[in-house]
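There are 2 protein chains.
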Amino acid sequence: MTRKIEPAKSFGQCTSQLMAINDALDILRGKWKIQIIGSLIFGKKRFKEMQREVNGITSRMLSKELKELEINELVLRTVHDTIPVSVQYELTEYGKTLDHVIEELHAWGVKHRKRIIRKRG
Amino acid sequence: MTRKIEPAKSFGQCTSQLMAINDALDILRGKWKIQIIGSLIFGKKRFKEMQREVNGITSRMLSKELKELEINELVLRTVHDTIPVSVQYELTEYGKTLDHVIEELHAWGVKHRKRIIRKRG
DNA sequence: TATACCGGTATACTTTAGGTAACTGGTTAC
DNA sequence: GTAACCAGTTACCTAAAGTATACCGGTATA
């Protein structure tokens, strides 16, 4: 579940910096979050559509993760009044602000991966 | 992952991008990693010194996490031949390359925290 | 002699993340 | 009428992460 955001404790800037970092990490943490965000980057998707795209995810996990992302206002869920109902998920503008974070994670991850592979020969 | 990456990419490219991101996240994963790195940012520290600084961590967890960081070459462990022995931990140059990632996480986390707190009133 | 610091281990326990599989209520197509 | 698609939910289970507590050999302090 999402870690509860706690008020800054009195002993210093450092602690509140750590909390901010952990707030960010909490949102990206878990096996599926980044993949789900990734699958929404190029546009709206329906539930089953995402389940097909995000390899190996069960409906239970997809549902759970999407709820968390929705609570954090990174993802918007829209129910269309068709018959049968269709449900669209999309990144909010706010969700898109994760761009830079993901970009940095990616850049570092690529370097790290190269380094590890080099060591192994 | 961002818009500068062309939409017409293969599934394979996407997967390897996800892997890189997850490689990076894996290293920062867990309750204590960032705090430990944080406590080393301003210089070398001894084991107990870190345990005092990283609030609430047990020696078991600190030991475990430091080992992982050492294996990933982010932290260097040095045993000094004093009596009794003292052990110093420090960030490697490689470890310091995480600073951009951490900076982005921090920047985003701060905004997120403000947003959430504003909503609560 | 007792106490506390150092850098950790060992053992046992609880909590959480995530997986499995079955099922819901509705709709459409064969 | 039965099979399949949609958008999920429910109950149960396992493995990993994390906690609690005690302990180790060695040294230093009172």
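Going down the list, the sequences are from chains A and B.
Using the working numbering, the first residue of the first sequence is number 2, and each one after it goes up by one.
Using the working numbering, the first residue of the second sequence is number 2, and each one after it goes up by one.
Even for Gly, the Cβ is constructed at its ideal location relative to N, Cα and C.
Keep in mind the model is a prediction, meaning the values are calculated, not measured.
Close beta carbons around residue i, own chain, < 8 Å, minus the five adjacent residues each side
i, result
"S17 (chain B)", "none"
Host beta strand (DSSP E) of residue i (start-end)
i, result
"R78 (chain A)", "V76 to H81"
"L92 (chain B)", "S87 to L92"
Partners in chain A for residue i, counting only beta-carbon separations shorter than 9 Å
i, result
"I1 (chain B)", "With chain B represented from 2 up to 122, any question about residue 1 (chain B) goes unanswered, as that position is not in the structure."
"G39 (chain B)", "C15, Q18, L19 and I22"
"R30 (chain B)", "L26 and R30"
Beta-carbon contacts of residue i that lie in its chain and below 7 Å, excluding the five residues immediately before and after
i, result
"S40 (chain B)", "K46, M51, E54 and V55"
"G36 (chain B)", "Per the sequence shown, the amino acid found at residue 36 (chain B) is Gln instead of Gly. Answer for Q36 (chain B): V55, listed in chain order."
Residue span of the alpha helix (DSSP H) that contains residue i, given as start and end
i, result
"I22 (chain A)", "Q14 to L29"
"L70 (chain B)", "S60 to I72"
"H39 (chain A)", "Looking at the sequence provided, one finds Gly at residue 39 (chain A) rather than His. Per DSSP, G39 (chain A) belongs to the alpha helix (DSSP H) from K34 to L41."
"K49 (chain A)", "F48 to E54"
Neighbouring residues, chain B, relative to residue i (Cβ below 8 Å)
i, result
"R78 (chain A)", "Those do not exist, as R78 (chain A) stays about 18 Å from chain B at its closest Cβ, beyond 8 Å."
Listed by chain order, chain A residues near residue i by CB distance under 7 Å
i, result
"E105 (chain B)", "H101, V102 and E105"
"Q36 (chain B)", "L19"
C-beta contact flag for residue i and residue j at 8 Å
i, j, result
"T105 (chain B)", "V102 (chain A)", "Per the sequence presented here, residue 105 (chain B) reads as Glu, with Thr not at that position. Yes; because the gap between Cβ atoms is below 8 Å, this pair is in contact."
"D24 (chain A)", "R61 (chain B)", "no"
"T93 (chain A)", "E74 (chain A)", "yes"
"K34 (chain A)", "I28 (chain A)", "yes"
"V76 (chain B)", "G96 (chain B)", "yes"
Cross-chain neighbours of residue i in chain A, by beta carbon under 8 Å
i, result
"T98 (chain B)", "W109 and K112"
Close-in-space but distant-in-sequence residues of the same chain around residue i (CB under 6 Å, 5 per side omitted)
i, result
"R78 (chain A)", "E71 and Y90"
"A108 (chain B)", "none"
Residue i Cβ short of 7 Å to the ligand PLP heavy atom set
i, result
"L77 (chain A)", "As far as ligands go, the structure on display features none, and thus does not contain the ligand PLP."
For residue j and residue i, believed in contact at Cβ under 8 Å, the rounded distance
i, j, result
"R30 (chain A)", "R119 (chain B)", "Wrong, their Cβ atoms sit about 23 Å apart, outside the cutoff."
"I38 (chain A)", "L99 (chain A)", "7 Å"
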